[in-house]
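**Q** Protein chains in written order, with my numbering: chain A, 1 to 254; chain B, 255 to 553. Idealized CB from N, CA, C, for every residue including glycine.
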Amino acid sequence: MISVRDLAITFGSGPGAVHAVRGVSFDVADGESFGLVGESGSGKSTVLRALAGLNRLWTGSATLGETSARVQQPRLVQMVFQDPYASLHPRHTVDRALSEPLEIHRIGDANERVERALADVGLGPAFRFRYPNQLSGGQRQRVAIARALMLEPRVLLLDEPTSALDVSVQAEILNLLRRLRVERRLTMILVSHNLAVVAHMCDRLAVMNRGLVVEEMDVATLRRAEPREAYTRQLLTASKGYDREVASGIVTFD
Amino acid sequence: MSTWQDRLLTDTPRSRREARLGALYRSWLQFRSNRLALLGLAIVLLLIVVAAFAPWIATHHPNEQNLAQRLLAPGGAHWLGTDEFGRDVFSRIVYGARITLYIVALVAIIAAPIGLIVGTAAGYLGGWVDAVLMRITDVFLAFPSLILALAFVAALGPGIENAVIAIALTAWPPYARIARAETLTIRNADYIAAARLQGASTGRILSRHIMPLCLSSLTVRVTLDMAGIILTAAGLGFLGLGAQPPLAEWGAMVSSGRRYILDQWWVATIPGIAIFAVSLAFNLLGDGLRDVLDPRQKK
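(1) Using 8 angstroms as the threshold, is the segment 270-287 of chain B in touch with the segment 148-161 of chain A, meaning 3 or more CB pairs across them?
(2) Give me, in chain order, the residues of the same chain whose beta-carbon lies closer than 7 angstroms to that of residue 449/B; leave out the 5 immediate sequence neighbours on both sides.
(3) Consult DSSP for residue 537/B and reduce its assignment to one of helix, strand or coil.
(4) Tell me the DSSP secondary structure of residue 166/A in three-state form.
(5) Comparing the C-beta of residue 260/B with each C-beta of chain A, is any distance below 8 angstroms?
(6) What would DSSP say about residue 139/A, mapped onto helix, strand or coil?
(7) I'd like to confirm the pairing. Which residues does DSSP put opposite residue 9/A in its beta bridges?
(8) Taking Cβ positions only, does residue 134/A come closer than 8 angstroms to chain B?
(9) Quick one: is residue 87/A near chain B, going by C-beta distance under 8 angstroms?
(10) When you compare only the Cα positions, how much space is there between residue 368/B and residue 193/A?
(11) Within the present structure, is the beta-carbon of residue 127/A separated from the nearest heavy atom of the ligand MG by less than 7 angstroms?
(12) Let me know the secondary structure DSSP gives residue 99/A once reduced to three states.
(13) Taking residue 74/A as the query, report the chain B residues whose CB atoms sit under 8 angstroms from its CB, ordered along the chain.
(14) Please confirm whether residue 416/B and residue 410/B have their CB atoms less than 8 angstroms apart.
(15) Here's a check: name, in chain order, each residue in its chain whose Cβ is nearer than 8 angstroms to the Cβ of residue 7/A, leaving out the five neighbours to either side.
(16) Can you name the residues of chain A whose CB is closer than 9 angstroms to the CB of residue 398/B?
(17) Between the segment 520-530 of chain B and the segment 500-512 of chain B, are three or more C-beta pairs nearer than 8 angstroms?
(18) Looking at the C-beta of residue 374/B, does it have a partner C-beta in chain A at a distance below 8 angstroms?
(19) Could you tell me which whole alpha helix (DSSP H) segments of length 4 or greater appear in the segment 419-445 of chain B?
(20) Figure out for me which residue from 478/B, 492/B, 408/B and 267/B has the closest Cα to the Cα of residue 366/B.
(21) Specify whether the segment 25-36 of chain A and the segment 427-447 of chain B touch according to this definition: at least 3 beta carbon pairs, one from each stretch, less than 8 angstroms apart.
(22) Is it the case that the segment 476-490 of chain B contacts the segment 351-364 of chain B, given that we only count it when at least three CB pairs across the two stretches are under 8 angstroms?
(23) When you compare the segment 117-134 of chain A with the segment 94-102 of chain A, are there three or more beta-carbon pairs, one atom per stretch, that lie closer than 8 angstroms?
(24) Identify every residue that forms a DSSP beta bridge with residue 204/A.
(25) Helix or strand or just coil, what does DSSP make of residue 266/B?
(26) Looking at the structure shown, is residue 243/A part of a helix, part of a strand, or coil, going by DSSP?
(27) Any C-beta of chain B sitting closer than 8 angstroms to the C-beta of residue 139/A?
(28) Under 8 angstroms between C-beta atoms, does residue 79/A make it to chain B?
(29) Would the beta-carbon of residue 535/B fall within 8 angstroms of that of residue 297/B?
(30) Just to confirm, is the Cβ distance from residue 377/B to residue 539/B under 8 angstroms?
(31) Just curious, the alpha helix (DSSP H) that residue 287/B is in, first and last residue?
(32) I'd like to know if the segment 381-394 of chain B and the segment 344-360 of chain B are in contact, where contact means that at least 3 CB-CB pairs between them fall below 8 angstroms.
(33) Short check: CB of residue 223/A to CB of residue 206/A, under 8 angstroms?
(34) If you draw a straight line from the alpha carbon of residue 117/A to that of residue 144/A, how long is it in whole angstroms?
(35) Chain C partners of residue 113/A, CB-CB under 8 angstroms?
(36) Any beta carbon of chain A sitting closer than 8 angstroms to that of residue 313/B?
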């Protein structure tokens, strides 16, 4: 479904250029859920934005279905953003946000589709004509998920969908995404720095550091805490919470 | 609280219209708490009513001359006195409201959309489009507006339509600047990225996603500029380049009355007060609107 080969992304040029992604390759099969893990600045979100077609300045190859990721395919790929406070238009009601993709693609029976989409993400019809400022963070993220699914895409890209939410809401959103994935046979790429989230959501994952994929493994390996690479082991230890000894022992990998 | 207020302030509106009305009502409640802004709104509404019902409000025909009754002091049949041709000043003020409103409305209708389109396009598209559009804007900004308007009127010939065109041509660059600045802050927002992912065209993103967000700060700025527009129009009228006699235009009335200002003060003073009151009203209204509409000023 998704194939990425030697993807490299550089911001800027000359001596000040930032090589955000330095040759990343991975494949995601149809219906698979794939995790991209790494610390801040490892390039994982950058890869996702390139796959979504939001950034076209890259080299290498990245294809979704049969087509290059440079071409936007709204009915094949959609994305859920990290910050639900920034991903909904402040002057559009929930109804407007959900009808917009239907209007763009001239899809009929908008009324029923919007109602069904809201019900699918666990929001009642009472939410339909609210503005984003009348919604909580979790409710906003549900609306953002509903919006991403309006065009019935086969691929859903998730950019840290729960990191801006508090813990109890995180679990609700993750369970919602799991359910929708099964119901709609979605192919998903989940970007996260949270190994627990990835272990909960994904079949396979790639660990990124400094724009490179350090290691690819399946979730069973992650659960057994048997990664091959030293960097991944360090990430695993760090994810268990703050520990002074661990913190002092952290090394920079390149 | 009565039921219609409950329905407007509900958290669960039942239709798009109800949601929009509810948002409007909330803004109105906030606007209402500003006394001065209410005063401004009242004067502007009064101006509109006077302009709309001028034939019924005026006591005389605005252009009817009566040389036997020239330069009469306020009082009696002529509430605000008469001018040098014996025309009733009150009636001329009433009819002058039409011209003032006409100028203000036309300038806003011409200048605001031009500024909005130029600014949002420059901000969103960036690159050479931005460079070209903003340098054109800079060129227009570099001229003092009254001088540029004078030049246009001199070239096109005096008259109220040409005055409107001239003022509009000098009024749009600040709007383009505001719209561009606003666009730059939202063009990289996730909700714009989401609209692109949904396959929205550039035109659709500009008109349905970006422009509505620029509209509030633009409305505030246009309202605040109304006072300047009225003054420029009055200035052109004063110089004899705006409305032509015998049209009752406030600036032209001040101009013709200045010869008598020492002995018959009302001929020039009363249109001057009218200009002052309406300009002040638009400023107060603009300030009140800014408190409600401009998110950065929100307390």
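**A** Based on what the coordinates show:
(1) no
(2) 459 and 463
(3) helix
(4) coil
(5) no
(6) helix
(7) 21/A
(8) Chain B, which has a Cβ nearer than 8 angstroms to the Cβ of residue 134/A, makes this yes.
(9) yes
(10) 46 angstroms
(11) This structure lacks the ligand MG, and indeed carries no ligand of any kind.
(12) helix
(13) Within chain B, the residues near residue 74/A are 451, 452 and 453.
(14) If you check the CB distance, residue 416/B and residue 410/B come in under 8 angstroms.
(15) Within the same chain, residue 7/A has close Cβ partners 21, 23, 24, 25, 47, 50, 58, 59, 60, 61 and 62.
(16) The premise fails here: residue 398/B is roughly 36 angstroms from chain A at the closest Cβ pair, so nothing lies under 9 angstroms.
(17) yes
(18) no
(19) Counting whole runs of 4 or more residues, the segment 419-445 of chain B contains no alpha helix (DSSP H) stretch at all.
(20) 478/B
(21) Inter-segment contact for the segment 25-36 of chain A and the segment 427-447 of chain B is absent: fewer than three beta-carbon pairs are separated by less than 8 angstroms.
(22) yes
(23) yes
(24) 34/A and 218/A
(25) coil
(26) Of the three classes helix, strand and coil, the one that applies to residue 243/A here is coil, per DSSP.
(27) False, the Cβ-Cβ gap to chain B never drops below 8 angstroms.
(28) yes
(29) yes
(30) Not in contact: residue 377/B and residue 539/B (Cβ atoms no closer than 8 angstroms).
(31) Run containing residue 287/B: none; DSSP gives neither H nor E here.
(32) Touching, no.
(33) no
(34) 11 angstroms
(35) Although the question refers to chain C, the structure presented lacks it and instead comprises the protein chains A and B.
(36) The Cβ of residue 313/B sits no closer than 8 angstroms to any Cβ of chain A.
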